[in-house]
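**Q** Numbering (the UniProt record's numbering), first residue to last: 1 to 70.
Submitted below is the structure of interest, expressed as structure tokens.
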Amino acid sequence: MKPDSSEWRSSQAYDFISNVPPDALAWEFLRRNPAYQREFADMQQINPTPNSLSPNELRSQWGLRFSSKS
Numbered sequence: 001m002k003p004d005s006s007e008w009r010s011s012q013a014y015d016f017i018s019n020v021p022p023d024a025l026a027w028e029f030l031r032r033n034p035a036y037q038r039e040f041a042d043m044q045q046i047n048p049t050p051n052s053l054s055p056n057e058l059r060s061q062w063g064l065r066f067s068s069k070s
């Protein structure tokens, strides 16, 4: 299913960007990246391919960092 892109020229469609924290904005770009989607899906398989990245390799490859909330 493709997202509705009929309003892509509307500046109102992007007003929310002003209030989005940098990490959330980065996630929006990353999660739409086809290469990241393939590598993440590959890692999630029960029998990953020999070239699949481990979770730590995936984090390193894509620059992911997770903060611990106490």
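By construction, the Cβ of each residue, glycine as well, lies at the ideal position given by its N, Cα and C atoms.
Write down every uninterrupted run of the alpha helix (DSSP H) in the UniProt domain "Transcriptional regulator-like" (7-66) whose length is 4 residues or greater and which is fully enclosed by it, in chain order.
**A** Correct list: 22-31, 34-44, 55-62.
**Q** If distances are taken between C-alpha atoms only, which option among Pro-48, Arg-65, Pro-50 comes closest to Asn-56?
**A** Closest option to Asn-56, Cα to Cα, is Arg-65.
**Q** Looking at C-alpha atoms only, which residue of Ser-11, Phe-16, Ser-52, Ser-60 is the closest neighbour of Arg-38?
**A** Considering only alpha carbons, the answer is Ser-52.
**Q** Taking 8 Å as the limit between beta carbons, can you name the residues of its chain near Phe-40, skipping five residues before and five after?
**A** Taken in chain order, the residues that qualify are Leu-58.
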